[in-house]
Amino acid sequence: MNSLVQTPKTSARAAESTPHSLHPKVVAKDVNVYYGDKHALHDVTIDIPEKAVMAFIGPSGCGKSTFLRCINRMNDTISIARVTGDILIDDQHIYDPKLDVVQLRARVGMVFQKPNPFPKSIFENVAYGPRIHGLARSKTDLEEIVTASLQRAGLWNEVKDRLNEAGTGLSGGQQQRLCIARAIAVSPEVILMDEPCSALDPIATARVEELIDELRQNFTIIIVTHSMQQAARVSQNTAFFHLGILVETGPTDQIFTTPRDKRTQDYITGRFG
Amino acid sequence: MSEHIVSRFDEELKDLARRIAEMGGLAERQVDHAMTALTRLDTTLARSVIDDDRRLDLLQHEAEEMAILTIARRQPMAMDLREIVGAIRISNDLERVGDLAKNIAKRVIALEGQFQSPKLLRGVEHIAELSLAQLKNVLDAYATRDLEQATEVRDRDGEVDAMYTSLFRELLTYMMEDPRNIGFCAHLLFCAKNIERIGDHATNIAETVHYVVTGELQLDERVKQDASSTTTVAFEG
Ligand SMILES: Nc1ncnc2c1ncn2[C@@H]1O[C@H](COP(=O)(O)OP(=O)(O)OP(=O)(O)O)[C@@H](O)[C@H]1O
Ligand SMILES: [Mg+2]
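Protein sequence lines, in the order shown, are assigned to chains A and B.
The first sequence lines up with residues 8 to 280 when you count with my numbering.
The second sequence lines up with residues 150 to 386 when you count with my numbering.
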């Protein structure tokens with residue numbers, strides 16, 4: 008539980024020395040990203056704790072999505088993008104030329120801002136990943152994975168009677184949860200979410216937030232959000248980016264009550280920088 | 150500090166701060182008047198203190214409402230959040246200070262017609278001066294966000310407590326010396342307790358200032374030096 012108003016009896020400083028998870032799942036060292044001549048990300052170094060939610064916040068264009076895309080090498084698909092530095096997942100260099108990128112993307116799932124189900128049935132949307140990655144040995148296996156994923160995404164009760172209908176026929180909030188079900192169906196270790204609730208109403212947003220909170224028992228989640236309140240609600244750790252620089256990172260409770268850097272303070276309190 | 154992009158937010162915070170400043174001024178005056186009414190046994194002044202307390206209650210109510218609305222509208226973060234939480238807390242403390250001043254004023258009225266011995270008031274005067282100084286200093290510390298001054302107030306709370314304990318003993322001695330003093334001294338004891346508690350609220354405010362400025366909540370490690378409840382006095386037989 009985040010407690011932003013009622014700081015625990017111990018001082019806010021004490022919380023800093025006890026990060027929510029000691030083991031870093033993802034480690035980035037001196038990561039720089041260039042789009043052609045444009046230097047979009049400068050020397051980003053950060054540890055992302057395992058089985059916890061890390062929020063990336065910062066003004067538009069500061070490089071949040073750029074950094075997020077580094078973590079599953081989505082930037083490889085942008086021809087002018089160039090990434091330097093190291094990113095490790097469980098001590099394995101993900102930019103190692105010998106690494107299988109398809110395999111990496113199964114380990115690091117992604118949910119986008121706009122729900123993007125495939126133009127296929129609800130069942131197929133979720134079954135697709137496990138099938139291509141060979142995660143199901145039989146049809147029953149596959150059905151079990153689909154059911155479990157939809158249940159974990161909190162969508163099962165709403166769709167169990169219409170698994171053969173098109174995924175695109177669901178409401179926006181349901182589509183986003185379908186995309187989350189699709190992401191978790193391949194049992195990833197890390198889930199990247201780029202503004203997953205920006206197209207959702209408050210109720211659908213609350214459902215997704217509740218889901219994120221449950222998922223962090225088993226997954227490492229990184230979420231980009233423009234809502235300070237959302238970051239405060241769902242994350243245990245927060246990183247603030249500004250003009251391509253990682254300005255400050257720390258426990259969410261501390262970032263939103265006593266940020267150290269003036270730029271962080273100005274941003275989260277809605278002041279002119 | 151730079152201004153908010155939404156300028157109405159800045160205005161709301163300023164309004165709230167003004168309300169607290171007004172409450173502070175009024176609470177200080179109420180305490181001052183209550184003390185004066187007590188030391189001069191002035192019932193007219195005491196009555197005005199009782200009447201004016203309503204104004205403080207009203208201001209507290211308004212401040213709380215403004216704070217709640219601002220939280221609902223702006224979802225404040227970091228220093229803004231601390232600022233508003235601090236205002237709510239301080240307005241509560243000031244409202245309580247007002248109540249304590251009113252209690253003292255009521256005692257002054259109750260004292261009318263009792264056997265009075267003004268020399269017994271001297272000890273109460275001292276603790277009253279110290280408590281009032283604590284209140285003044287902490288309100289200054291709040292107005293200027295002066296951490297050092299707030300810490301000084303917090304550190305001096307022990308003095309108020311210790312003074313209360315010794316005053317308690319002193320008044321008890323007067324009561325034993327001459328039974329005609331008992332009624333008067335009993336009222337004074339209650340007044341002294343109220344004054345000591347005004348000092349406690351000053352300390353609470355000091356801790357709130359610390360929180361507003363640093364974001365740290367202070368653990369309650371103040372040593373309580375009011376030992377009156379454990380004081381034993383040998384009654385002579
Ligand atoms: N494909 C691209 N080609 C060229 N420049 C890009 C590309 N993608 C991003 N950029 C630039 O890199 C910088 C960082 O962009 P990025 O999309 O990472 O920002 P962001 O923090 O995610 O912003 P937003 O909150 O608006 O989504 C911006 O200046 C942007 O214009
Ligand atoms: Mg983005």
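Beta carbons: idealized from backbone N, C-alpha and C, even for Gly.
Remember, predicted model here, so these are calculated numbers, not experimental data.
Could you work out which residue in A/Val51, A/Ser234, A/Gln182 and A/Glu202 is closest to A/Glu165 when comparing CA atoms only?
A/Gln182
Do we get a CB-CB distance below 8 angstroms when we pair B/Phe158 with the residues of chain A?
For B/Phe158, the answer is yes, since a Cβ of chain A falls inside 8 angstroms of its Cβ.
Enumerate in chain order the residues of its own chain whose CB-to-CB distance from B/Ile344 is below 6 angstroms, with the five nearest sequence positions on each side excluded.
Ile276, Ala277 and Ser280
Say whether the segment 146-157 of chain A touches the segment 197-210 of chain A, bearing in mind that this needs 3 or more beta-carbon pairs closer than 8 angstroms, one atom from each stretch.
no
In whole angstroms, give me the CA-to-CA distance for B/Met324 and B/Asp310.
21 angstroms
Quick one: does the C-beta of A/Thr73 sit closer than 7 angstroms to a heavy atom of ligand 1?
With a cutoff of 7 angstroms, A/Thr73 counts as near ligand 1, since its C-beta is closer than that to a heavy atom of the ligand.
Compare the C-beta of B/Ser151 against all C-beta atoms of chain A and say whether one is closer than 8 angstroms.
yes
Give me the residue from A/Gly161, A/Val40 and A/Ala35 with the minimum Cα distance to A/Ser86.
The residue from A/Gly161, A/Val40 and A/Ala35 with its alpha-carbon nearest to that of A/Ser86 is A/Val40.
Through-space distance from A/Asp260 to A/Cys69, alpha-carbon basis:
Answer to the nearest angstrom: the Cα atoms are 22 angstroms apart.
Is the segment 214-234 of chain B in contact with the segment 332-342 of chain B, if contact means three or more CB pairs nearer than 8 angstroms?
no
Indicate whether at least one CB of chain A lies closer than 8 angstroms to the CB of B/Gln224.
yes
Please compile the residues from chain E whose C-beta is within a distance smaller than 7 angstroms of the C-beta of B/Val155.
Absent here is chain E; the protein component of the structure consists of chains A and B.
Contacts that A/Gln236 makes with chain B (C-beta to C-beta distance below 8 angstroms):
Gln224
In three-state terms, what does DSSP make of B/Asn252?
helix
Three-state secondary structure assigned by DSSP to B/Ile344:
helix
Need the endpoints of the alpha helix (DSSP H) that A/Asp54 sits in, please.
Where A/Asp54 is concerned, there is no enclosing alpha helix (DSSP H), although the beta strand (DSSP E) it sits in stretches over Lys45 to Pro56.
Nearest-angstrom Cα separation, counted from A/Asp50 out to A/Ser67
19 angstroms
Could you pull out every residue in the same chain whose Cβ sits closer than 7 angstroms to the Cβ of B/Ala290, ignoring the five residues on either side in sequence?
Gln298, Ala299, Val302, Ala355 and Val358
What residue from A/Leu142, A/Ser128 and A/Ser194 has the CA that sits closest to A/Leu177's CA?
Nearest of A/Leu142, A/Ser128 and A/Ser194 to A/Leu177, Cα basis: A/Ser128.
Starting from A/Asp220 and walking both ways along the alpha helix (DSSP H), at which residues does that stretch end?
Pro209 to Leu222
Could you give the residue range of the beta strand (DSSP E) that holds B/Met226?
Counting along the chain, B/Met226 sits inside no beta strand (DSSP E), nor does DSSP assign it H or E at all.
Collapsed DSSP secondary structure at A/Tyr42 in the structure displayed
Strand at A/Tyr42.
Are the beta-carbon atoms of A/Val60 and A/Ile230 separated by less than 8 angstroms?
yes
Under 8 angstroms from the C-beta of B/Asp242: neighbouring residues of chain A:
Here the premise fails: no neighbours, minimum Cβ distance about 17 angstroms.
Using the Cα positions of A/Arg223 and A/Lys58, report the straight-line distance between them to the nearest angstrom.
5 angstroms
Among the residues of its own chain, which have a CB less than 8 angstroms from the CB of A/Gln158, if the five just before and after it don't count?
none
For A/Phe263, would you say it is in contact with chain B, using Cβ-to-Cβ distances shorter than 8 angstroms as the test?
yes
Does the beta-carbon of A/Ala47, which I'm using as the reference point, lie nearer than 7 angstroms to any heavy atom of ligand 1?
yes
Which residues in chain B have a C-beta closer than 7 angstroms to the C-beta of A/Asp273? List them in chain order.
Ser151
Starting from B/Leu165, trace the alpha helix (DSSP H) both ways and give me its first and last residue.
Ser156 to Arg189
Residue from B/Pro267, B/Ala250 and B/Gln283 with nearest C-alpha to B/Ala176
B/Ala250
Taking only beta-carbon atoms, is B/Gly364 less than 8 angstroms away from chain A?
yes
Beta-carbon of B/Ala236 versus every beta-carbon of chain A: anything under 8 angstroms?
Output row for B/Ala236: interface = no.
Quick one: what's got a C-beta closer than 6 angstroms to A/Phe248's C-beta in the same chain, skipping five residues either side?
Gly65, Cys69, Gly70 and Lys71
Reference B/Ala259, options B/Gly332, B/Ser266, B/Ile347 and B/Leu320, closest by Cα
When only C-alpha atoms are compared, the closest one is B/Gly332.
Taking 8 angstroms as the CB-CB cut-off, is B/Ala221 touching chain A?
no
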